[in-house]
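Take 502 as the starting number for the sequence shown in the numbering used here and just add one per residue.
For each residue, glycine too, the CB sits at the ideal point set by N, CA and C.
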Amino acid sequence: MNLASGQEKSVACKEGESIHPLGFVRNDFVYGIAKTGDMGQTVSGEAVIPMYKVEIQNSKGKVIKTHEENGVYVLDAVLEENRVILERATREGNVYTAIAQEYISNNEEEKERKIFLESYTTELKEKQMRLTYKDGIADKEPKVLKPKQVLFENPTVVSFEHTGDEKKYYAYGHGELKGVYDTAGDAIQEADNFGGVVLDQNQAYVWERGNRDLNFSIPGADALAANIKEQLTGGSSPMQIMEKARPGASMDLSGCDAEQLAYIINQGRPVIAMLNGSTSVILVGYGENTIVYVDMGSSEKKRITFKQMDEMTAASSHTYIA
502 MNLASGQEKS VACKEGESIH PLGFVRNDFV YGIAKTGDMG QTVSGEAVIP MYKVEIQNSK
562 GKVIKTHEEN GVYVLDAVLE ENRVILERAT REGNVYTAIA QEYISNNEEE KERKIFLESY
622 TTELKEKQMR LTYKDGIADK EPKVLKPKQV LFENPTVVSF EHTGDEKKYY AYGHGELKGV
682 YDTAGDAIQE ADNFGGVVLD QNQAYVWERG NRDLNFSIPG ADALAANIKE QLTGGSSPMQ
742 IMEKARPGAS MDLSGCDAEQ LAYIINQGRP VIAMLNGSTS VILVGYGENT IVYVDMGSSE
802 KKRITFKQMD EMTAASSHTY IA
């Protein structure tokens with residue numbers, strides 16, 4: 502719905518498919534189309550309905566861009582001012598493994614504006630902002646218009662359903678908000694670019710660049726690892742296990758590197774690291790340049806470098822769950 506005009510537009514799909522609104526880039530509507538039969542889960546065990554096609558529709562309802570790749574699905578999208586970043590995945594059975602992102606950019610040059618915002622400074626009021634007309638203003642006398650008739654209408658009220666338990670992660674850096682994300686992993690990667698922090702929807706700290714011990718090992722790590730191993734063997738997914746251990750506080754840390762996970766481990770939280778779609782290890786400690794994990798096969802603790810752990814989880818696109 503156009504809130505200014507009240508005009509409504511609809512997007513249709515075929516039977517057995519569903520529409521997933523992704524947002525707007527300028528005035529263009531971005532949405533994905535998914536097949537209900539493609540429902541599955543990520544490597545971490547999170548249920549997903551992947552989109553096989555993404556379309557961009559302009560304000561007139563015309564599809565101006567279609568993105569579709571054979572054998573590649575879209576799990577989510579991040580929309581910026583002039584581009585769309587697609588979170589892609591490939592499928593094996595009903596399991597979807599993340600692959601490199603794809604970018605859709607708007608290369609259309611913005612038309613030159615006749616009115617623009619600029620700043621100026623005076624000694625009395627210092628920095629101020631004003632609207633500047635490119636061609637100047639011919640009539641400099643202000644005009645006051647008074648309506649002869651006023652029509653009162655009920656204001657338009659748009660209600661958005663909010664369950665209150667939706668997870669959101671806020672990345673801060675250099676004293677300002679850098680982005681809001683659905684997964685902790687995406688927020689951590691953004692905050693790390695600025696040496697910042699990540700907060701959750703309750704304004705509790707989730708991650709910091711520093712402020713952690715140089716060396717740490719989770720107390721009772723052997724018992725924790727044994728419990729997690731038992732649940733994994735029983736068929737529970739990594740996300741189900743962590744959600745059971747910390748209801749409402751489990752985190753998808755996918756995309757992070759091993760060194761970024763040290764802060765999470767320092768909070769006494771074991772991290773399940775997926776090596777591929779079916780094999781995992783449990784991170785239970787770290788050193789200055791190393792990380793400690795429990796091997797699910799032998800139940801032995803092993804210490805390797807951060808870089809080696811990154812290489813081990815490359816096949817799962819660095820999927821981590823805490």
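Top-ranked residue by Cα proximity to residue i, from the options
i	options	result
LYS635	ALA685, LEU646 and LEU618	LEU618
ALA722	SER800, GLY697, ILE550 and SER506	SER800
PRO771	MET752, GLY778 and GLU789	MET752
SER606	LYS628, LYS649, TYR670 and HIS568	HIS568
TRP708	ALA692, MET797 and ILE719	ALA692
MET782	GLY769, GLY788 and MET797	Per the sequence shown, the amino acid found at residue 782 is Val instead of Met. When only C-alpha atoms are compared, the closest one is MET797.
LEU523	VAL645, LEU632, VAL579 and GLY735	VAL579
GLY756	ARG631, GLY562 and ILE822	ILE822
TYR532	VAL564, GLY517 and GLU509	VAL564
GLU518	GLN508, THR537 and LEU715	THR537
ILE550	ASN571, ASP577, VAL526 and GLU556	ASP577
ARG589	VAL596, ASN583 and GLU603	GLU603
GLY637	THR622, LEU784, TYR621 and LYS615	LYS615
LEU725	LEU784, LEU587, VAL681 and VAL585	LEU784
TYR794	GLN629, GLY778 and ASP811	ASP811
TYR574	GLY546, MET743 and VAL555	VAL555
GLN809	ALA759, GLY674 and GLY507	ALA759
GLN768	SER737, ILE742, LEU715 and THR814	LEU715
LEU754	VAL645, PRO739 and HIS675	PRO739
ASN694	ARG710, ALA513, ASP539 and ASN703	ARG710
PHE525	ARG584, GLU744, ALA746 and ILE742	ARG584
GLN702	GLU731, LYS668 and GLY735	LYS668
PRO720	LYS566, ILE586 and ILE766	ILE766
DSSP three-state assignment for residue i, whether helix, strand or coil
i	result
MET540	coil
SER817	helix
MET827	Residue 827 is absent from the structure shown; the chain starts at 502 and stops at 823.
MET552	strand
LYS679	strand
LEU762	helix
ILE638	coil
GLU789	coil
The alpha helix (DSSP H) enclosing residue i, as first and last residue numbers
i	result
PHE807	807 to 813
LYS730	722 to 734
PRO522	Note, PRO522: premise wrong, no alpha helix (DSSP H); beta strand (DSSP E) at 518 to 526.
ILE689	685 to 693
ILE742	739 to 746
Extent of the continuous beta strand (DSSP E) run through residue i
i	result
ALA823	Premise fails: ALA823 is in no beta strand (DSSP E) and is neither H nor E.
MET775	772 to 775
GLU588	584 to 593
SER606	603 to 606
GLU581	Where GLU581 is concerned, there is no enclosing beta strand (DSSP E), given that its DSSP letter is neither H nor E.
LYS566	564 to 568
ALA672	670 to 674
SER620	616 to 623
THR598	596 to 599
ASP701	698 to 701
GLU709	706 to 709
Contacting residues, own chain, Cβ-Cβ under 6 Å from residue i (five flanking each side not counted)
i	result
GLY594	none
ALA560	It should be pointed out that residue 560 corresponds to Ser in this sequence rather than to Ala. Excluding positions up to five away in sequence, the list reads ASN528.
ARG718	Position check: residue 718 holds Ser in this sequence, whereas Arg was assumed. For SER718, where only same-chain residues beyond five positions count, the Cβ hits under 6 Å are GLY786.
ILE689	VAL699, TRP708, CYS757 and GLN761
MET775	VAL544, SER781, SER817 and THR820
ALA548	GLN542
ASN777	ALA816 and SER817
ALA788	The identity of residue 788 in the sequence shown is Gly, whereas the question assumes Ala. For GLY788, where only same-chain residues beyond five positions count, the Cβ hits under 6 Å are ASN716.
ILE557	ASP529, VAL531, ILE565 and LYS566
GLU744	SER751
7 Å Cβ shell around residue i - same chain, five flanking residues per side excluded
i	result
ILE805	THR791 and ILE792
TYR706	VAL698 and LEU700
ALA672	LYS679, GLY680, TYR682, ALA688, GLU691, ALA692, GLY697 and VAL699
GLY562	LYS510
Cβ shell of residue i (< 8 Å), same chain only, five flanking positions each side left out
i	result
ALA727	SER800
MET552	HIS521, GLY533, ILE534, ALA535, TYR574, VAL575 and LEU576
THR591	GLY572, VAL573, TYR574, TYR597, THR598 and ILE600
PRO748	none
GLN629	SER620, TYR621, THR622 and THR623
Distance between beta carbons of residue j and residue i, contact taken as under 8 Å
i	j	result
ALA750	ARG713	Their Cβ separation, rounded to whole angstroms, is 19 Å, which puts ALA750 and ARG713 out of contact at 8 Å.
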